[in-house]
Amino acid sequence: MAQLWGGRFTKETDQLVYRFNASIAFDQKFLKQDIEGSMAHVGMLGRQGILTQEEAGSLIRELKRILAEVEAGTLEISDQYEDIHSFVEAVLIERLGDTGKKLHTGRSRNDQVALDMRMYIRMEVAQTDDLLKELLETVLTIMKEHTDTIMPGFTHLQKAQPVTLAHHMGAYFEMFKRDRQRMRDIYERMNYCPLGSGALAGTTYPLDREDTARALGFYGPSLNSMDGVSDRDYVIEFLSALSTIMMHLSRFSEEIIIWNTNEYQFVEIDDSYSTGSSIMPQKKNPDIAELVRGKTGRVYGALLSMLTTMKGIPLAYNKDMQEDKELTFDAVDTAKGCLALFNGMLATVRFHKERMRKSAALGFTNATDAADYLVNHGVPFRDAHGLIGRLVLYCIEKNCAIDDLTLEELKAVSPVFEEDLFEAVSMEACVNKRLTVGAPGKEAMERVIAIEEKYLEEAVFPGTDWEERLFL
Ligand code: ARG
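Written as structure tokens, this is what we have:
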């Protein structure tokens, strides 16, 4: 074991304590961010005259080299170091001697780790936004193709009124669009730089916090050093937004699973996204959708853990906060994986339009429209509701749809019915008469599709140019 803080200690750390305390197994995930943060810090120390330009220059060169070597596999991150920060510093000292020892001037691991985590999450927020955008593109493609594809809309999982597949997909478009907006909100709030907060009370060195904030692509420095080192709100916000994404994906998965059953057969999941059974040769299972649904719990768990971890922490930094990493990394990797796989599954799913249409036609989904027909001919709505209820009962006995009845049978229930009833309650009419904004009628749907298309073109994630700006 190699640690940064041996001076005050007279005994070696117990081996178990060391392992319990160490975070290198997981914080090596943000080596790149750690190095970028150090480069910005050291560059600023040079410009401020706290280090010489030469010292700063050689530290920056060596930091870049360390990253390149680790990425190339020629330098191994050894678990004899407590964390990734100690590892990088130790390599610098080994290679640069006293200059290496100057890296940590005017900095604490508390503001260092606060910075690394913030930069890592910032990148993940942007990547999640990208994946959401790709999913929205798939959803919109389906919407455009299926403004005429009639299917039953459900309430209580009972057939309710006919809608179209475009309309059903449009609901998910709205959900994932809001998820993207949440990514943007989080980004806007979190994009302030904690570097320079020191351990908790800033530092006595004349640091230029504006300089490091700018170099690292932040809007500016955070305004309170105690908050700077101990704020993990943005992690909680991100986990909350990821949980909402997973909830949406899980609902969508549940529908795909139901639609893919023998009973529904609304869709067929592509072979490449299905799995078989070890014993039942006929099976083609929707495992991907089930796994997405199943993994939702993991992401919710991370949110709850993080909320609980933070709730009792007095200001400022406490070691509890090290717990933010593993569960957040797992939640992000899980959610991103689910977004990508769900997108692939959705893009290749086959929709059985005929089955959907038949299901809508045979489910009395036009009963409301039949009642509306009577209302339009002067029957009070409540009476119309009762009459159509009786008609439905009669149809159930005969095992047919309302528009399968003869005009005579209809007139036996209400003399108001005329030949034009058949047209009025056709599936197409039921859908296409619904033309208010947000309704499934083809014209209304096409207007919405145009709005969504424009949104996809115009909504770009705010300045991720930090990706190119670093390493200048
Ligand atoms: N591994 C620590 C973490 O993840 C780094 C910060 C250490 N700071 C300290 N005062 N022990 O939070």
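Residues 1 to 472 (my numbering) make up the sequence shown, in order. Note that beta-carbon positions come from the ideal geometry of N, C-alpha and C, so glycine has one too. In this text, all values refer to a predicted model and were calculated from it rather than measured experimentally.
Closest to residue i by CA distance: which of the options is it?
| i | options | result |
| --- | --- | --- |
| Arg122 | Glu237, Val163, Glu408 | Glu237 |
| Cys400 | Ala360, Asp372, Arg434 | Ala360 |
| Asp227 | Cys193, Arg214, Phe218 | Cys193 |
| Val139 | Met175, Ala429, Tyr219, Asp83 | Met175 |
| Ala331 | Thr296, Leu346, Val70, Leu132 | Thr296 |
| His85 | Glu55, Glu428, Leu67 | Leu67 |
| Asn262 | Arg355, Asp271, Gln322, Ser230 | Arg355 |
| Leu242 | Tyr205, Gly294, Asn260, Asp179 | Asp179 |
| Arg382 | Leu391, Met306, Ala371 | Ala371 |
| Leu195 | Asp231, Asp27, Arg184 | Asp231 |
| Arg95 | Asp185, Ala72, Asn376, Ser58 | Ser58 |
| Ala459 | Asp130, Ile93, Lys398 | Asp130 |
| Lys102 | Asn110, Glu89, Gln112 | Glu89 |
| Ala439 | Ser305, Gly153, Ala335 | Gly153 |
| Ser78 | Lys133, Leu51, Gln3 | Gln3 |
| Asp30 | Asp420, Gly6, Leu239, Met119 | Asp is not the amino acid found at residue 30; the sequence shown has Phe there. The shortest C-alpha separation from Phe30 is found at Met119. |
| Gly344 | Asp333, Phe364, Leu132, Gln181 | Leu132 |
| Ala157 | Asp420, Tyr273, Val42, Thr365 | Here residue 157 is Leu; the residue named in the question, Ala, does not match the sequence. Nearest C-alpha to Leu157: Thr365. |
Give every residue of the same chain whose Cβ lies closer than 7 angstroms to the Cβ of residue i, excluding the five residues on either side of it in the sequence, and list them in chain order.
| i | result |
| --- | --- |
| Glu457 | none |
| Ser108 | Gly198, Ala199 |
| Leu472 | Note that Leu472 scores a pLDDT of 43, beneath 50, so its modelled location is shaky and nothing firm can be said. |
| Tyr394 | none |
| Gln33 | Asp116, Met119, Tyr120 |
Please check the pair residue i and residue j, which I expect to be a contact at CB under 8 angstroms, by giving their CB distance rounded to whole angstroms.
| i | j | result |
| --- | --- | --- |
| Leu115 | Gly37 | 5 angstroms |
| Arg357 | Met427 | 7 angstroms |
| Val125 | Tyr187 | 5 angstroms |
| Gly170 | Val448 | 6 angstroms |
| Ala450 | Ile402 | Incorrect: roughly 34 angstroms between the Cβ atoms, too far for contact. |
So, helix, strand or coil for residue i, using DSSP?
| i | result |
| --- | --- |
| Ile313 | coil |
| Phe154 | strand |
| Glu161 | It should be noted that the sequence gives Gln, not Glu, for residue 161. DSSP places Gln161 in strand when its eight states are reduced to three. |
| Tyr192 | strand |
| Arg350 | strand |
| Glu268 | strand |
| Gly106 | coil |
| Tyr81 | strand |
| Thr212 | helix |
| Asn376 | helix |
| Asn343 | helix |
| Asn285 | strand |
| Gly220 | strand |
| Thr138 | helix |
| Thr204 | coil |
| Arg8 | helix |
| Thr368 | helix |
| Thr275 | strand |
| Ala199 | coil |
Only counting the same chain, and skipping five residues up and downstream in sequence, which positions put a Cβ closer than 6 angstroms to that of residue i?
| i | result |
| --- | --- |
| Met39 | Ile60, Leu63 |
| Met44 | Asp208, Asp211, Thr212 |
| Met190 | Tyr234 |
| Ile256 | Ala289 |
| Leu341 | Ile288 |
| Tyr300 | Ser243 |
| Asp369 | Val425, Cys430 |
| Thr203 | Gly106 |
| Trp259 | Phe266, Val267 |
Looking at the C-beta of residue i, does it have a partner C-beta in chain D at a distance below 7 angstroms?
| i | result |
| --- | --- |
| Met445 | Any reference to chain D falls outside this structure, which holds one protein chain only. |
Quick one: what's got a C-beta closer than 8 angstroms to residue i's C-beta in the same chain, skipping five residues either side?
| i | result |
| --- | --- |
| Glu443 | Asn432, Leu435 |
| Gly441 | Val431, Asn432, Lys433, Arg434, Leu435 |
| Trp5 | none |
Inset, instruction - Evaluate contact between the segment 266–273 and the segment 340–355, counting only Cβ atoms and requiring at least three cross-stretch pairs below 8 angstroms. - result: yes
Legend entry - Three-pair Cβ contact test at 8 angstroms for the segment 283–297 versus the segment 164–175: no
Legend entry - Inter-stretch contact at 8 angstroms, needing at least 3 Cβ pairs: the segment 317–332 / the segment 18–32: yes
Inset, instruction - Please determine if the segment 143–161 and the segment 409–421 are in contact, where contact requires at least 3 C-beta pairs separated by less than 8 angstroms. - result: no
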